[in-house]
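Engineer: Below you will find the structure I want to go over with you.
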Amino acid sequence: MTAAMPRRILSLCAIVAAGVLACAPASAFKSPNDAPAAWRDYSAMVKSRVQDWLSGEDEAARRLRASLDGGRQQRGTTTRFVARLWFLANGEVARAEFTGVDAAAVVELRALLLHRRIGAPPPADMLQPLHLQLSLQIENRASTDAGRG
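Using mature numbering (1 follows the signal peptide of the UniProt record, and there is no 0), the letters of the sequence shown correspond one by one to residues -28 to -1, 1 to 121.
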């Protein structure tokens, strides 16, 4: 990390409890307040891992930030979207779908999240997919990086 380029942070807001908006009949819907504690705990773990991955310094995270930077400049707003994640029994992200971001960001998000392990298996009875409502804000670079003289 260099002093000239401050670390860029993606902040995530408003996680929705695991399985709450699952692709299942309406009778299978569970509000965040009605979701079992194990589902809420798992969703908190997922939120933490996703936040780490999005704010990471690896190539996939940098490409995602570059993609979101471009869209943010065009819209001039914070990027808000929904991620739907499916997990294998070992906690690996097996499938990911997104709404609210452009196609380029979807490609980068999938590259960043797919086949990564959360660190624990999902609860056996947890509805999938897990829906996360995310709000991403990328800190602006220091004005000295803008190259103005």
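A virtual CB, placed ideally from N, CA and C, is assigned to each residue, including glycine.
Thinking E64 and R88 are a contact (beta carbons under 8 Å), I'd like their distance in whole angstroms, please.
Structural biologist: As a working note, residue 64 is residue 92 in the sequence shown. As a working note, residue 88 is residue 116 in the sequence shown. With 8 Å as the limit, E64 and R88 qualify as a contact, their Cβ atoms being about 7 Å apart.
Engineer: Between the Cα of E69 and the Cα atoms of A55, A33, A75 and D24, which residue gives the shortest distance?
Structural biologist: Within the sequence shown, the letter at position 97 stands for residue 69. Among A55, A33, A75 and D24, the Cα nearest to that of E69 is on A55.
Engineer: Only counting runs of 3 or more residues, tell me where the beta strand (DSSP E) segments fall wholly within the segment 12 to 94, in order along the chain.
Structural biologist: 51 to 59 and 65 to 71
Engineer: Which residue comes first and which comes last in the beta strand (DSSP E) that contains Q105?
Structural biologist: By 1-based counting over the sequence shown, the position of residue 105 is 133. L102 to L108 is the extent of the beta strand (DSSP E) around Q105.
Engineer: Out of P95, L99 and I90, state which residue places its alpha-carbon closest to the alpha-carbon of Q23.
Structural biologist: Within the sequence shown, residue 23 is the residue found at index 51, counting from 1. For the residues P95, L99 and I90, the minimum Cα distance to Q23 belongs to I90.
Engineer: Applying the criterion that 16 or more other CB atoms from any shown protein chain within 10 Å of the CB defines a buried residue, is A9 buried or exposed?
Structural biologist: Residue 9 sits at position 37 when you count from the first residue of the sequence shown. It is exposed - the Cβ of A9 has fewer than 16 other Cβ atoms within 10 Å.
Engineer: For A9, which of helix, strand or coil comes out of DSSP?
Structural biologist: Start at 1 with the first residue of the sequence shown, and residue 9 comes out as number 37. Helix, per DSSP.
Engineer: Measure the alpha-carbon distance for W11 versus L85 and round it to whole angstroms.
Structural biologist: Along the sequence shown, read from residue 1 onward, the residue named residue 11 stands at position 39. Along the sequence shown, read from residue 1 onward, the residue named residue 85 stands at position 113. Straight-line Cα distance between these residues: approximately 20 Å.
Engineer: Leaving out five residues on either side along the sequence, give the residues of the same chain with a beta carbon under 7 Å from the beta carbon of A(-5).
Structural biologist: Taking the first residue of the sequence shown as position 1, residue -5 is located at position 24. With a pLDDT of 40 at A(-5), under the threshold of 50, the modelled position of that residue is not reliable, and the figure given next carries that caveat. Here the set comprises L99.
Engineer: How about Y14 and L106: are their beta carbons less than 9 Å apart?
Structural biologist: Counted from its first residue, the sequence shown places residue 14 at position 42. Counted from its first residue, the sequence shown places residue 106 at position 134. Not a contact, by the Cβ cut-off of 9 Å.
Engineer: Please report the straight-line C-alpha distance between G95 and R21, rounded to a whole angstrom.
Structural biologist: The sequence position of residue 95 within the sequence shown is 123, counting from 1. The sequence position of residue 21 within the sequence shown is 49, counting from 1. Looking at the sequence provided, one finds Pro at residue 95 rather than Gly. When rounded, the distance between both Cα atoms is 17 Å.
Engineer: Between W58, R52 and L40, which lies nearest to V79 when the distance is taken from Cα to Cα?
Structural biologist: If you number the sequence shown from 1, residue 79 lands on position 107. Here the closest residue by C-alpha is L40.
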